[in-house]
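One structure below.
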Amino acid sequence: MKRFLNTAAIIITALPALADVIPDPLPNGFVEQGRFTGTINGTDVTLITTGRPRDNISGLRLYRHGDHEQLEMFEISASSDFHDPPPEIPWSIRMTLRTDAATDELQLVIVKAFDGDYFTPLMANTESGYMKTGQITLQNIDTAKGGYISFDFSADLVRWEIAAGIDPAPIKGDLGGHIEGHYEGTVPDWATETYQN
Numbered sequence: 316m317k318r319f320l321n322t323a324a325i326i327i328t329a330l331p332a333l334a335d336v337i338p339d340p341l342p343n344g345f346v347e348q349g350r351f352t353g354t355i356n357g358t359d360v361t362l363i364t365t366g367r368p369r370d371n372i373s374g375l376r377l378y379r380h381g382d383h384e385q386l387e388m389f390e391i392s393a394s395s396d397f398h399d400p401p402p403e404i405p406w407s408i409r410m411t412l413r414t415d416a417a418t419d420e421l422q423l424v425i426v427k428a429f430d431g432d433y434f435t436p437l438m439a440n441t442e443s444g445y446m447k448t449g450q451i452t453l454q455n456i457d458t459a460k461g462g463y464i465s466f467d468f469s470a471d472l473v474r475w476e477i478a479a480g481i482d483p484a485p486i487k488g489d490l491g492g493h494i495e496g497h498y499e500g501t502v503p504d505w506a507t508e509t510y511q512n
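For the sequence shown, position 196 matches number 511 in this note's numbering, and the numbering has no gaps at all.
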């Protein structure tokens, strides 16, 4: 086993960085809105957030409360969908940042990582409830008018089964995962929404 892992490490080292194989421009009218660079389970990854303005598709959205503009929620998706050639593991992530009403500070409350199976994600969720799981650390968050956001984070992830027809639950015996890195992106005007309670 040790010999196999050493050989695999040599092969991975020889591959080009994922950031080098993302086409520019993106095909089919898609544009890059943000980027995650970091590691998942110790492997370097670069995942991009994309949108297609003509169809109002956005992987980065900002929701503001109409009466309290400081109350915000960012929904972020990033993936390896446009990598060419595709990576061995088709990683994608989803994250939610929400303003803590008590402190008026944005908190990273949900991190999900998918390795090709959307019914068994690796998750960390700090919000109260029966799906509270894993641990999340958020640092160096920076936001600005115009929808800009950047932050560093890490999360210890637990694999859950969330298939239709069953009660979501952690998968016993699974080793879980770990993600850490930096995200930076800008929400386009057409992906910013104001809501009322």
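Glycine included, every Cβ here is placed at the ideal spot set by N, Cα and C. Computed from a predicted structure; not experimentally measured.
What are the boundary residues of the beta strand (DSSP E) that includes residue i?
i, result
"residue 423", "420–429"
"residue 465", "463–476"
"residue 457", "450–459"
"residue 394", "387–394"
"residue 499", "492–501"
"residue 380", "375–380"
"residue 508", "507–510"
"residue 359", "358–367"
"residue 349", "346–355"
"residue 438", "437–440"
Assuming residue i contacts residue j under a Cβ cut-off of 8 Å, what Cβ separation, rounded to an integer in Å, is found between them?
i, j, result
"residue 379", "residue 387", "5 Å"
"residue 436", "residue 447", "Incorrect: roughly 15 Å between the Cβ atoms, too far for contact."
"residue 440", "residue 425", "5 Å"
"residue 438", "residue 449", "6 Å"
"residue 451", "residue 479", "Not quite, the Cβ-Cβ distance comes to about 27 Å (not below 8 Å), so this is no contact."
"residue 364", "residue 391", "6 Å"
Between the Cα of residue i and those of the options, spot the shortest distance and give me the residue it belongs to.
i, options, result
"residue 405", "456, 423, 359", "359"
"residue 475", "484, 369, 500", "484"
"residue 502", "458, 341, 413", "458"
"residue 507", "462, 496, 468, 497", "462"
"residue 399", "339, 509, 409, 356", "339"
"residue 341", "389, 395, 351", "395"
"residue 408", "416, 417, 393", "393"
Can you tell me which of the three DSSP states residue i falls into?
i, result
"residue 485", "strand"
"residue 479", "coil"
"residue 328", "Since pLDDT at residue 328 reaches only 34, below the 50 mark, its modelled position is unreliable, and the value read off the structure follows with that caveat. Looking at residue 328 - three-state DSSP - the assignment turns out to be helix."
"residue 336", "helix"
"residue 417", "coil"
Using 8 Å as the threshold, is the C-beta distance between residue i and residue j below it?
i, j, result
"residue 422", "residue 453", "yes"
"residue 499", "residue 366", "no"
"residue 411", "residue 420", "no"
"residue 434", "residue 477", "yes"
"residue 374", "residue 494", "no"
"residue 505", "residue 368", "yes"
"residue 356", "residue 492", "yes"
"residue 397", "residue 337", "yes"
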